[in-house]
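Working notes, structure below.
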Amino acid sequence: MKIASWNVNSLNVRLPHVLDWLESAQPDVLGLQETKLTDEKFPAQAIREAGYEVVFTGQKTYNGVAVLARSAMSDVIIDLPGIEDPQRRVLGVTVNGVRFINLYVPNGKTVDDDKYHYKLDWLERLHAWLAAECQRHERVVVVGDFNIAPTDADVHDPEAWRDQILCSAPEREALKRLLDLGFTDSFRAFEQPEMAFSWWDYRMNNFKRNRGLRIDLILTSPAVTAGLQSASIERDPRTWERPSDHAPVVARFA
59 MKIASWNVNS
69 LNVRLPHVLD
79 WLESAQPDVL
89 GLQETKLTDE
99 KFPAQAIREA
109 GYEVVFTGQK
119 TYNGVAVLAR
129 SAMSDVIIDL
139 PGIEDPQRRV
149 LGVTVNGVRF
159 INLYVPNGKT
169 VDDDKYHYKL
179 DWLERLHAWL
189 AAECQRHERV
199 VVVGDFNIAP
209 TDADVHDPEA
219 WRDQILCSAP
229 EREALKRLLD
239 LGFTDSFRAF
249 EQPEMAFSWW
259 DYRMNNFKRN
269 RGLRIDLILT
279 SPAVTAGLQS
289 ASIERDPRTW
299 ERPSDHAPVV
309 ARFA
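Mind the numbering: the sequence shown is residues 59 to 312 in the working numbering, read in order.
Encoded structure:
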């Protein structure tokens, strides 16, 4: 099984990229973030013609998540339980016996902004829900744009980013609490090259200079981690014309 996650930063713009990558990479399940489309404008037919079932939830201009799978999906959830939030950031499905949860974690803007406190509260609610999901399901995979670089090894210039959004101690602690539920950061289950990132700001030639962060993650519960064979960041789509600022991340399982 091959599982992937990709923040496409507008599916309306990046649909040709997604279709090309589906054909070449052949993932079994793919979580997309930042589709930025209302549901009536979602290109479901094009994705089905590519050989994938799809479920999605979106809103105009912002956010939006989707799951594409070669197999049927069931038990769909599109909100964190117990919270009324118009922002479309969560999509949970069950596929091939795996509970697959796709997330677009809030960015937070800056550490002194109200959106930062919203982010930390959102992560607390996420923790409670994932704890419950792990009680209900043995095989759980959580993917998405977490908008948190787990450690300094995931940052091109740790000192420049120290205590800044995406790298602040409270954000990293919130992510650690998620991992402490028993999840493994699949990418770090293997020896990886240094300076390996999944997101590069469009400005200042940051991609060419490899000034990025690793904020796109695939987390696996112990039963899934047992079959983990490899994990990688697929940089090539970031080189395409009009790319997303994120690259797909991939994990392969027995």
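Backbone N, C-alpha and C fix where the C-beta goes; we use that ideal spot for every residue, glycine too.
- Rounded to whole angstroms, the gap between the alpha carbons of A186 and E196 is 16 Å.
- Judged by DSSP in its simplified three-state form, H304 adopts strand.
- For V112, no alpha helix (DSSP H) run applies; the uninterrupted beta strand (DSSP E) run containing it begins and ends at 111-115, by DSSP.
- Beta-bridge pairing by DSSP links S132 to T152.
- With respect to I276, V199 sits close: the two C-beta atoms are nearer than 8 Å.
- If only complete runs of 3 or more residues are kept, the region 260-312 shows the beta strand (DSSP E) at 274-278, 286-291, 307-311, in order along the chain.
- Contact between the region 112-132 and the region 81-95 is present: three or more C-beta pairs spanning the two stretches fall below 8 Å.
- At a cut-off of 3 residues, the continuous stretches assigned as beta strand (DSSP E) that sit fully inside the region 162-213 are 198-203.
- Around the beta carbon of S132, a 10 Å sphere encloses fewer than 16 other beta carbons of the protein chains shown; the residue is thus reported as exposed.
- Here the region 160-179 lies against the region 217-224, with 3 or more beta-carbon pairs under 8 Å apart.
- In this structure, DSSP gives D243 an extended state, which the three-state scheme calls strand.
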